[in-house]
Structures are given as C-alpha cells and as structure tokens.
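Q: Using the working numbering, read the first sequence as starting at 310 and increasing by one per residue.
Glycine residues also receive a C-beta, built at the ideal position from the N, C-alpha and C atoms.
Owing to the predicted nature of the structure, the values given are computational and were not obtained by experimental measurement.
Structure in structure tokens, see below.
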Amino acid sequence: MSKAQSEKKNSIDKDISQDVVTRFAPSPTGVLHIGGARTALFNYLFARQNNGRFILRLEDTDKERSKKECEEDIIRSLKWLGLDWDKSYKQSERKEIYKKYINHLIKKRRAYISKEVTGNRATVIRFKNPCTKISFQDLIRGQIEFDTTELGDFVIAKDENTPLFHLTGAIDDYEMKISHIIRGEDHISNTPRQILIQQALDFSSPIYSHIPLILGPDRSKLSKRHGAVSLKEYKDIGYLSEALINFLAFLGWNPGTEKEIFSLEELIKEFSLKQVQKSGAIFNIEKLNWINKQYIMKKNLEELAVELIYFLPEKWREKAENEKKFWRKIAGLERERISTLSEIGESINYFFEEPNYEKEKLLWKNEKSLNNVEVYLKKIIEMLSKLSEKEFTSHNIKELIWDYAEKQGRGNVLWPLRVSLTGLEKSPEPFIISEILGQTETIRRIQNAINKL
RNA sequence: GACCUCUUCGUCUAGUGGUUAGGACACAUGGUUCUCAGCCAUGCAACACGGGUUCGACUCCCGUAGAGGUCACCA
Numbered sequence: 310m311s312k313a314q315s316e317k318k319n320s321i322d323k324d325i326s327q328d329v330v331t332r333f334a335p336s337p338t339g340v341l342h343i344g345g346a347r348t349a350l351f352n353y354l355f356a357r358q359n360n361g362r363f364i365l366r367l368e369d370t371d372k373e374r375s376k377k378e379c380e381e382d383i384i385r386s387l388k389w390l391g392l393d394w395d396k397s398y399k400q401s402e403r404k405e406i407y408k409k410y411i412n413h414l415i416k417k418r419r420a421y422i423s424k425e426v427t428g429n430r431a432t433v434i435r436f437k438n439p440c441t442k443i444s445f446q447d448l449i450r451g452q453i454e455f456d457t458t459e460l461g462d463f464v465i466a467k468d469e470n471t472p473l474f475h476l477t478g479a480i481d482d483y484e485m486k487i488s489h490i491i492r493g494e495d496h497i498s499n500t501p502r503q504i505l506i507q508q509a510l511d512f513s514s515p516i517y518s519h520i521p522l523i524l525g526p527d528r529s530k531l532s533k534r535h536g537a538v539s540l541k542e543y544k545d546i547g548y549l550s551e552a553l554i555n556f557l558a559f560l561g562w563n564p565g566t567e568k569e570i571f572s573l574e575e576l577i578k579e580f581s582l583k584q585v586q587k588s589g590a591i592f593n594i595e596k597l598n599w600i601n602k603q604y605i606m607k608k609n610l611e612e613l614a615v616e617l618i619y620f621l622p623e624k625w626r627e628k629a630e631n632e633k634k635f636w637r638k639i640a641g642l643e644r645e646r647i648s649t650l651s652e653i654g655e656s657i658n659y660f661f662e663e664p665n666y667e668k669e670k671l672l673w674k675n676e677k678s679l680n681n682v683e684v685y686l687k688k689i690i691e692m693l694s695k696l697s698e699k700e701f702t703s704h705n706i707k708e709l710i711w712d713y714a715e716k717q718g719r720g721n722v723l724w725p726l727r728v729s730l731t732g733l734e735k736s737p738e739p740f741i742i743s744e745i746l747g748q749t750e751t752i753r754r755i756q757n758a759i760n761k762l
C-alpha cells in the first residue's frame, strides 16, 4: 500500500469510528435489571472502543407506567456500574419532534387516523403498511428476513401528542444519529416495523446487533420469578460492580483466550461484537460468586474494609469505624472466606464479643481428656505471657507455641486454643486471631476456657 | 397457532473440514502446619437427531426434534 493509500485508509477508519453512536434505551417502568445492565454494557463498550458516543435515552412515553423512582434507579445503577454516558434524553420532553413527524406521515399518506371499534379510544393513528419483504443485516446473526404483511397497519400513535414505541424509537435513532443498535434478541421481531417507519420517513437504517437473552435456570427469559434481578439487589447482597461488569460481559461474549478477569478498561479494548454468542446464556450465580471473590481478593484492603462496614450488624459498625486498624485486620482475614460482602458478620462475632460455647467443644477429635486440654491451655498462657505487648504478633506467637504443639500433637493444642478464642468449629487459625484480639484479651479468653473445664 | 431466532460437558464457553474436542465455574478425590477458607494436583463430564456433500465432518447443505422470543391503543 502506498503512503497516500494508507493515509486515505486511516482517514476512512477514523471517519467511521467517529461516527459510532450507540444508545441504551430503557423504559422507566421498572428498575434496572441484569439484562438491561448487560445491554447497556455492550453498548457502552462498543461506543468507547470506537471513540464513539454513548447515549442514555429514557423511553417514558407511557405516562401511566413510567415512574420517577425507576428512572432514578436506572441512573443510579448505571453510575454504580461505571457506565457513563455522553448525553441523555427523555422522550417525554420531545413530543413536539414526534408530532412533526406524525403529521408529516399523515400528509404523505403513510399513516392515517383510524376509527376504532375495539380498544379504549375512538381513533388512533395507524401506519399504512406497504406489505413488503424487509431484510436486514444483523452483525451477530447475519441476514434476517420478514414479510411485513402479517403486521397489518400497526398503531404508531394514540394521537398526535401521544406517539408509541416503534415511532419514537425510529425517530430518535435518526435524530440522535445512532449508528449501531445493540439490544436484546427479544427485539428482533420489532425490527421490521421500525425499518418500515424509517423507510417511510426516508431515514437510513442503523446497523443492528441483537444480543442473546439472559436466561433463568429453566431457560426462559430471566425475570423476577427467578429471584434477584435488579442491580440494586446485587449491590445490596455485596457484589462488587467490577465483578458484575466482568461477569455480564462474559454472558454471551468471551475473548477467545483463557483470560477471564477483565477490568472495564480491558473490556473496552478486547470486546468484539463479532465474538458475541448467538444463543441465550443461563445466569449462573455460582460463577458470579467466584468472580466476585476474585475481585474481593484483588481489591485494595483499606477500601474493602470501608465497604464491608456497611454490611456489618448495626451494633458493631461503630466499633469497626472507630478502630480502623483493628477492623482492617479482620477484613483482611475474612475476605478469604466470603464471596459476597454480606457474608461478613455471619461468623465473626468473636472479634466483637465474648464467645459462648460448651466446654466439650474444646476437645479435639483425637483428644480424650479434658484434663489434658487444661494442661495445654495453661502452658499456652504461660508462654504468651512472656511476650511484650509489642511483640504480640502472629508470627511471634506461632514461633513460641509451635514446638510445643508439635510435641503434644498439633490438633490437640491448636484446636482448643482456637475454640477458646472463637467458640467456633470453623475459623481462621489461632495465631492471627490472637494478634488481632491483643495480648490481654487473648489470655483472658484462654483463662475463661480453663475456668469452664 | 403464525412469524423469527437458537442448539458443544450440569453451567459459561474455545473450536471455522483432519484436535486425545481445550479452558473456567460447579462437583468428587488426594495433598498442604488443628478446623474452615485458600492454594496445588487429579478426576468426572459435551458436539440434539437423521440424511446428504466430501477421501474425511462438531465444523458446509437439507430436514426433524427440542428450546426460546415476538405477535397491545407496553416498551
């Protein structure tokens, strides 16, 4: 390729990429749910990777069903996910534009006022269906064809001030210069109607990409009856937005490599519409949990600790907030065994209050005698007392006790130590717990255990 | 019912005519300084079916079956 040709090609590529405009067009009749979030994500990724623009369009033409709270929820959830848009519109504020086009269509005899015998209005505005074959190229599915005859003269507006979905969508996509429509597969059968309107108005058609649906375990479209679907619920359970983004991206898309953890920035680079799957994907909460855990482990500990406080039972929040160092150590320890943030607080009582347990619990499975347990615990107190407060670190404690535990049988010694500290059968190892609790409290709890015996 | 779309391990998927069909989650077993978690290793497990095309089909074509979506004066 000559230099001139190459320059020309580059400038063409540049022009194409500058023209990319995508949109996420939810109707605020419900809160943002998993499916919508993924649609928004794909639109966002495609726009960003092409240096294009991403538009948020609230389709609130249905006055009765649109709700302010839903609108707020959608905006809040999108922001939480980090999907920022360049411009936003509300269809309810664009009535004059639609009105102009409605009258234009009527004047051109591509639409007409229709007298109705059924329904709740005497007249509506119907589109005059030319009854042709419509075909369009879908970026994911290839060519799709429809015969529009069966659609009939469908309704495009209740009256000139009350346009309906297909009409507003076609007009806005044109007016907002949308280059690519990326939406759920459930819109495939809406496409011919919208193309018909575009043709009647002499609009060029955007490029369509219909992405597969997210399915419930029964393979039907994911909905409320499958459990939690709103973004807010996932946030409240303690999923990190980065994890949700990563997971959602992988529902229907994958990079073709074995890498599975992607930041939003990496997704912008790697995402490709052409690699999007055709068939629906079941929402697999177990994989989400795994990904969430990856992000919990990766996250900056200080930030994680702060977020975690919110998920603590009310009564401990203040202590956690006031004793940052103490709480950060706990968070660092516990992050390993949770996969959602709300799991914190289920079994960490012992950091905040005296453990309560039966003395039999102090007995390790291989140990027969409670008398021995008493001997071990007394010995441990004796050893721990030798350390200064400053030396009371998990490393030093372990070094101090280890040989003794080895000699007596590790489980025989470590089990009752751990139980005396936590009262639990399952917990982290006792050395780090001792460190976090501090010397005084550790020794006090061991003494309490001895008193029980 | 009509129209449209889809079909690789239980799940998410890699694969574009010749592979022991790969990875991840889940599950199981073993290992790792008591338990849990983690980590490591190993294992389990799939091309819906039937015809073609071809020297050769998971890959291409045609059927069948199954699944899903849409059929509003909702979006």
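1. Rounded to the nearest angstrom, what separates TRP625 and PHE363 at their Cα positions?
2. Can you tell me which of LEU671, LYS677, LYS707 and ASN705 puts its alpha carbon nearest to the alpha carbon of ARG754?
3. My parser needs the alpha helix (DSSP H) runs of 4 or more residues fully inside the stretch 386–462; what are they?
4. Identify every run of the alpha helix (DSSP H) within the stretch 551–584, keeping only runs that are complete inside it and at least 4 residues long; order them along the chain.
5. For THR457 versus PRO501, is the C-beta spacing smaller than 7 Å?
6. Give the DSSP-derived three-state secondary structure of TYR483 in the structure shown.
7. Quick one: what's got a C-beta closer than 6 Å to PRO664's C-beta in the same chain, skipping five residues either side?
8. Would you decide whether LYS323 is buried or exposed? Buried here means 16 or more other CB atoms lie within 10 Å of its CB.
9. Can you give the Cα-Cα distance for HIS342 and SER539, rounded to whole angstroms?
10. Would you mind working out which of ILE480, GLY525 and LEU448 sits nearest ILE516, comparing C-alpha positions?
11. Between PRO335, LEU414 and HIS535, which lies nearest to GLU469 when the distance is taken from Cα to Cα?
12. Where does the unbroken beta strand (DSSP E) through LYS628 begin, and where does it stop?
13. Between SER336 and GLU368, how many whole angstroms is the CB-CB distance? I'm expecting something under 8 Å.
14. Which residues does DSSP pair with LYS530 in a beta bridge?
15. Taking C-alpha atoms, which residue in SER375, ASP382, GLU652 and GLU744 lies nearest to THR702?
16. Determine the burial state of LEU610: buried for a count of at least 16 other Cβ atoms within 10 Å of its Cβ, exposed for fewer.
17. Are the stretch 485–495 and the stretch 503–517 touching by the rule of at least three beta carbon pairs closer than 8 Å?
18. Please work out which residues of its chain come closer than 8 Å, Cβ to Cβ, to LYS317, disregarding the five sequence neighbours upstream and downstream, and give them in chain order.
19. Can you name, in chain order, every residue of its own chain whose Cβ lies under 6 Å from the Cβ of VAL682, other than the five neighbours on each side?
20. Is the beta carbon of THR331 less than 7 Å from the beta carbon of ASN352?
21. Go to GLY720, then tell me how far its alpha helix (DSSP H) extends in each direction, as first and last residue.
22. Go ahead and label ARG430 buried or exposed: buried means 16 or more other beta carbons lie within 10 angstroms of its beta carbon, across all protein chains shown.
A: Walking through what the data contain:
1. Taking the first sequence and counting its residues from 1, one reaches residue 625 at position 316. Taking the first sequence and counting its residues from 1, one reaches residue 363 at position 54. If I take the Cα positions, the gap works out to 43 Å.
2. Translated into positions along the first sequence, residue 754 becomes position 445. The residue with the shortest Cα to Cα distance from ARG754 is LEU671.
3. As for any alpha helix (DSSP H) of minimum length 4 sitting wholly inside the stretch 386–462, the runs are 404–416, ordered along the chain.
4. Counting whole runs of 4 or more residues, the stretch 551–584 contains the alpha helix (DSSP H) stretches 573–579.
5. Here residue 457 is taken as the residue at index 148 of the first sequence, counted from 1. Here residue 501 is taken as the residue at index 192 of the first sequence, counted from 1. Contact flag set, yes.
6. Against the first sequence, residue 483 aligns to sequence position 174. In the three-state reduction of the DSSP assignment, TYR483 falls in the helix class, which pools H, G and I.
7. As a working mapping, residue 664 is identified with position 355 in the first sequence. Result list for PRO664: THR731 and GLY732, in chain order.
8. Taking the first residue of the first sequence as position 1, residue 323 is located at position 14. In this prediction, LYS323 scores a pLDDT of 42, lower than 50, which makes its location untrustworthy; the coordinate-derived value is nonetheless stated afterwards. When all chains shown are included, LYS323 counts as exposed.
9. Counting from one through the first sequence, the residue named residue 342 turns up at place 33. Counting from one through the first sequence, the residue named residue 539 turns up at place 230. Rounded to the nearest angstrom, the gap between the Cα atoms of HIS342 and SER539 is 4 Å.
10. The residue given as residue 516 occupies position 207 in the first sequence. Of the listed residues, the one whose Cα sits closest to ILE516 is LEU448.
11. Your numbering for residue 469 matches position 160 in the first sequence. Ranked by how close their Cα comes to the Cα of GLU469, the residues PRO335, LEU414 and HIS535 have LEU414 in first place.
12. The residue labelled residue 628 in the question sits at position 319 within the first sequence. Judged by DSSP secondary structure, LYS628 falls outside any beta strand (DSSP E) and instead within the alpha helix (DSSP H) spanning 623–631.
13. Along the first sequence, read from residue 1 onward, the residue named residue 336 stands at position 27. Along the first sequence, read from residue 1 onward, the residue named residue 368 stands at position 59. The Cβ separation is near 4 Å, so the contact holds.
14. One-based indexing of the first sequence puts residue 530 at position 221. Secondary-structure assignment with DSSP links LYS530 through a beta bridge to LEU524.
15. Counting from one through the first sequence, the residue named residue 702 turns up at place 393. Looking at the Cα atoms, GLU744 is the closest of the given residues.
16. Counted from its first residue, the first sequence places residue 610 at position 301. That one is exposed.
17. A contact between stretches requires three or more CB pairs, one per stretch, nearer than 8 Å, and the stretch 485–495 meets this requirement with the stretch 503–517.
18. One-based indexing of the first sequence puts residue 317 at position 8. Because LYS317 sits at a pLDDT of 34, beneath the cut-off of 50, its placement in the model cannot be relied upon, and the following sentence gives the value as read from the coordinates. The beta carbon of LYS317 sits closer than 8 Å to none of the beta carbons in its chain outside the five residues before and after it.
19. Taking the first residue of the first sequence as 1, we reach residue 682 at position 373. The beta carbon of VAL682 sits closer than 6 Å to those of LEU671 and PRO725, all from its chain and outside the five residues before and after it, given in chain order.
20. As a working mapping, residue 331 is identified with position 22 in the first sequence. As a working mapping, residue 352 is identified with position 43 in the first sequence. Taking 7 Å as the cut-off, the Cβ atoms of THR331 and ASN352 count as close.
21. If you number the first sequence from 1, residue 720 lands on position 411. Where GLY720 is concerned, the enclosing alpha helix (DSSP H) stretches over 719–731.
22. As a working note, residue 430 is residue 121 in the first sequence. Exposed: under 16 other Cβ atoms inside 10 Å.
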